[in-house]
Amino acid sequence: MKGKGIHAIKDLTVKDIERLLDLADEYKAGKVARKNLKGRTVALFFSENSTRTKLSFTLAAEKLGAKVLDLNENSSSIAKGESLIDTAMTISAMGADCLVVRHRESGITRFLQKYVDIPIINAGDGWSEHPSQCLLDLMTIREYKTFPGLKVLIAGDILHSRVARSDSEALKKMGAEVYLTGPKTLLPPKTPKVPWPESLEKTDVLILLRLQKERQEQGLLASLQEYHCFYGLTSDYLEMMPKESLILHPGPVNRGVELADNVLDNPRCKINEQVTNGVFMRMAMLYTAIERRKLVEISA
Ligand code: CP
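Residue 2 is where the sequence shown starts when you use our numbering, and the numbers rise one by one after that.
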């Protein structure tokens, strides 16, 4: 793994990704005794709202035996004008062993990493990347499928989605075929788009993206109802997909927008398993970021 911290999927080799997936599987199987973080401290700094990522990094650190420091923008000295660089340096100077950051600025974790020695983990930066979501998506897919030749369709707001960027990069690295679809206004310019719903017939894994309601205010969407009519996954569309296909969604879900309520109850819909796997994948990421030297020795 290149450099300190975990900032972007593009920094990870296939071997790095496989190591993280294997370690997360070990944690899920209950093998935690030797690879723990007892005596370590993990600091969280989230300046954007989060349920899944923040709570699962917290749980992951606690399950590994680490102490957790939780800081947010409004209650920290950032509200008094302290810079993010000084905040990261302060957390490092206190002796934290790792800093997990979610922030609206793309590239912020890599920028902060230049100023501190402790590893920083990207918990979602602007429109750029969401490596922990991506890796838990891969973990969930790998429980049912193998990557080479797997046909993955990512649907929805591709333009603004850090999940789409990280998932596309990682899935292609692992040998999957990645296809994109969504309204033209929500795709990056010149992005090749496959037809919806026709492409569902050949889709092994469908990753639905959260429709960000603010896009409607910006005039990129006529209405959420219209989005659902064109791109919402209904049980009829689910019927078009191969019987063994999987449905993923990073959450939070807009019921009745990206997918119909009854699709959420279908056993092929793995959203709750993604959430469960998120805790184990974040354990693997924390352990790897903090104890990388030890991990290399273990695997050597
Ligand atoms: N998928 C995801 O990042 O969810 P949260 O915003 O709830 O963390």
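Beta carbons are placed, not taken as given, at the ideal position from N, Cα and C, and that holds for glycine.
By how many angstroms is the C-alpha of G108 removed from the C-alpha of L22?
Taking the first residue of the sequence shown as position 1, residue 22 is located at position 21. Taking the first residue of the sequence shown as position 1, residue 108 is located at position 107. Those two C-alpha atoms are separated by around 24 Å.
Taking 7 Å as the cut-off, is the beta-carbon of G125 closer than that to any non-hydrogen atom of the ligand CP?
Start at 1 with the first residue of the sequence shown, and residue 125 comes out as number 124. Yes, the Cβ of G125 comes within 7 Å of a heavy atom of the ligand CP.
Looking at C-alpha atoms only, which residue of L207, L160, V179 and M175 is the closest neighbour of P189?
Within the sequence shown, the letter at position 188 stands for residue 189. Nearest of L207, L160, V179 and M175 to P189, Cα basis: L160.
How far does the beta strand (DSSP E) with H229 in it extend, from its first residue to its last?
Counting from 1 along the sequence shown, the entry for residue 229 is found at position 228. Counting along the chain, H229 falls outside any beta strand (DSSP E), though it belongs to the alpha helix (DSSP H) covering L225 to Y232.
Any heavy atom of the ligand CP within a distance shorter than 7 Å of the CB on T192?
Indexing the sequence shown from 1 puts residue 192 at position 191. The answer is no for T192.
For the beta strand (DSSP E) that E178 lies in, which residues bound it at each end?
Walking along the sequence shown from the start, residue 178 turns up at place 177. Segment E178 to T182, the beta strand (DSSP E) holding E178.
Is the CB-CB distance between I92 and A124 below 8 Å?
Here residue 92 refers to the residue found at position 91 of the sequence shown. Here residue 124 refers to the residue found at position 123 of the sequence shown. Cβ distance not < 8 Å, so I92 and A124 don't count as in contact.
Any heavy atom of the ligand CP within a distance shorter than 7 Å of the CB on R53?
Reading the sequence shown from its first residue, position 52 is the one you call residue 53. The answer is yes for R53.
In terms of alpha-carbon separation, which member of V206, P193, K203 and D158 lies closest to K214?
For this step, residue 214 is matched to residue 213 along the sequence shown. Comparing Cα-Cα distances from K214 to each of V206, P193, K203 and D158, the minimum goes to D158.
Near D71, what residues of its chain come up, given a Cβ to Cβ distance below 6 Å and the 5 sequence neighbours on each side ignored?
Locating residue 71 in the sequence shown gives position 70, counting from the first residue. Result list for D71: L45, in chain order.
Quick check on DSSP: helix, strand or coil for T235?
Here residue 235 is taken as the residue at index 234 of the sequence shown, counted from 1. Correct three-state label for T235: coil.
Express the C-alpha separation of G183 and S224 in angstroms, rounding to a whole number.
Position 223 of the sequence shown, counted from the start, is the residue given in the question as residue 224. Position 182 of the sequence shown, counted from the start, is the residue given in the question as residue 183. Going by the C-alpha atoms only, they are around 14 Å apart.
Bridge partners of E130, per DSSP?
Position 129 of the sequence shown holds residue 130. Answer is D126, bridged to E130.
Does I119 come out as helix, strand or coil in the three-state DSSP assignment?
Along the sequence shown, one-based indexing puts residue 119 at 118. Coil, per DSSP.
Between E74 and A80, is the Cβ-Cβ spacing less than 8 Å?
Mapped onto the sequence shown, residue 74 falls at position 73. Mapped onto the sequence shown, residue 80 falls at position 79. Yes, they are a contact pair.
Let me check you understand the geometry: is the CB of P189 closer than 7 Å to at least one non-hydrogen atom of the ligand CP?
Position 188 of the sequence shown, counting from 1, holds the residue named residue 189. It does not: the Cβ of P189 is nowhere closer than 7 Å to a heavy atom of the ligand CP.
Shorter than 7 Å, the distance from the beta carbon of Q219 to the closest heavy atom of the ligand CP, or not?
The sequence position of residue 219 within the sequence shown is 218, counting from 1. Not under cutoff, so the answer is no.
According to DSSP, simplified to helix, strand and coil, what is D12?
Indexing the sequence shown from 1 puts residue 12 at position 11. Correct three-state label for D12: helix.
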